[in-house]
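Using the working numbering, the first residue of the sequence shown is number 23, and each one after it goes up by one. Structure record follows, encoded as C-alpha cells.
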Amino acid sequence: MAQAERKARVEWEGNLPSGRGTFSVGSGAIEDFPVTWASRVERPDGKTSPEELLAAAHASCYAMALSHTLAGRGAQIDEVTVEAVAALDDELLKITSVDLDIHGSIEGISEEEFRLVAEEAERACPISNAIRNNVAITLRTSLEV
Numbered sequence: 023m024a025q026a027e028r029k030a031r032v033e034w035e036g037n038l039p040s041g042r043g044t045f046s047v048g049s050g051a052i053e054d055f056p057v058t059w060a061s062r063v064e065r066p067d068g069k070t071s072p073e074e075l076l077a078a079a080h081a082s083c084y085a086m087a088l089s090h091t092l093a094g095r096g097a098q099i100d101e102v103t104v105e106a107v108a109a110l111d112d113e114l115l116k117i118t119s120v121d122l123d124i125h126g127s128i129e130g131i132s133e134e135e136f137r138l139v140a141e142e143a144e145r146a147c148p149i150s151n152a153i154r155n156n157v158a159i160t161l162r163t164s165l166e167v
C-alpha cells in the first residue's frame, strides 16, 4: 500500500510537433503550466518539460535522502545544494541520464566520507530507485569544510 500518493493532470491539444498542453498538480502548488514539444527539445521559452520536472523531483528527493543519511551519521549539515540535469534523447524518445551535482557545507566529514554517504543516499532516494536500471545516474560531489 502506498504511504503517500500525489496526483498530476495534463490537458493536451493537437499533435506532438505543433500541439500544446498544460499541467497542474493535485496540491495546487502548480496550476496550468504550459508544455510543448518545442519546449522539450528546442528552447524552453518560459515553459517547462517532463525532463525538467524529473530533474526537480530528483534533486529535491535526493537532497532529502542525503540530509537524512548525513544526520544518521551525526554530521553537522550547514547546507546541501543539489543540481540535477535530466537528458532526453529526442531520437530514441528516452531519458538517458540524470547527473546529480552535490555540494555540501558539512562539518565533521571528509571528502571521501561525503562521497560514500552521497552514494548511500542515492540508493535510498525514491526517485533514484524508480528510474535506476533504466536511466544512468551519475553523482559528482564537492565538499566545503
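C-beta atoms are modelled at their ideal positions from N, C-alpha and C, and glycine is treated no differently.
Whole-number beta carbon distance between residue j and residue i, since they are thought to touch under 8 angstroms
{"i": "T160", "j": "D121", "result": "5 angstroms"}
{"i": "V107", "j": "A143", "result": "Rounded, the Cβ-Cβ distance is 18 angstroms, inconsistent with contact."}
{"i": "E141", "j": "L165", "result": "The pair is not a contact, with the Cβ atoms about 14 angstroms apart (cut-off 8 angstroms)."}
{"i": "A81", "j": "E105", "result": "6 angstroms"}
{"i": "V167", "j": "E129", "result": "7 angstroms"}
Beta-carbon proximity of residue i to residue j, cut-off 8 angstroms
{"i": "I124", "j": "L88", "result": "yes"}
{"i": "F136", "j": "T103", "result": "no"}
{"i": "W34", "j": "G48", "result": "no"}
{"i": "S127", "j": "Y84", "result": "no"}
{"i": "F45", "j": "R28", "result": "no"}
Whole-angstrom distance between residue j and residue i, CA atom to CA atom
{"i": "I131", "j": "P39", "result": "49 angstroms"}
{"i": "V139", "j": "T118", "result": "24 angstroms"}
{"i": "I52", "j": "E74", "result": "14 angstroms"}
{"i": "C147", "j": "G94", "result": "15 angstroms"}
{"i": "D54", "j": "A79", "result": "18 angstroms"}
{"i": "G68", "j": "E113", "result": "23 angstroms"}
{"i": "I153", "j": "R145", "result": "11 angstroms"}
{"i": "S71", "j": "N155", "result": "22 angstroms"}
{"i": "M86", "j": "V57", "result": "27 angstroms"}
{"i": "A60", "j": "G36", "result": "13 angstroms"}
{"i": "R62", "j": "A26", "result": "29 angstroms"}
{"i": "P66", "j": "L115", "result": "17 angstroms"}
{"i": "G41", "j": "A109", "result": "22 angstroms"}
What are the complete alpha helix (DSSP H) segments, minimum 4 residues, inside the segment 65-142?
-> If we require 4 residues or more, the alpha helix (DSSP H) runs fully inside the segment 65-142 come out as 72-94.
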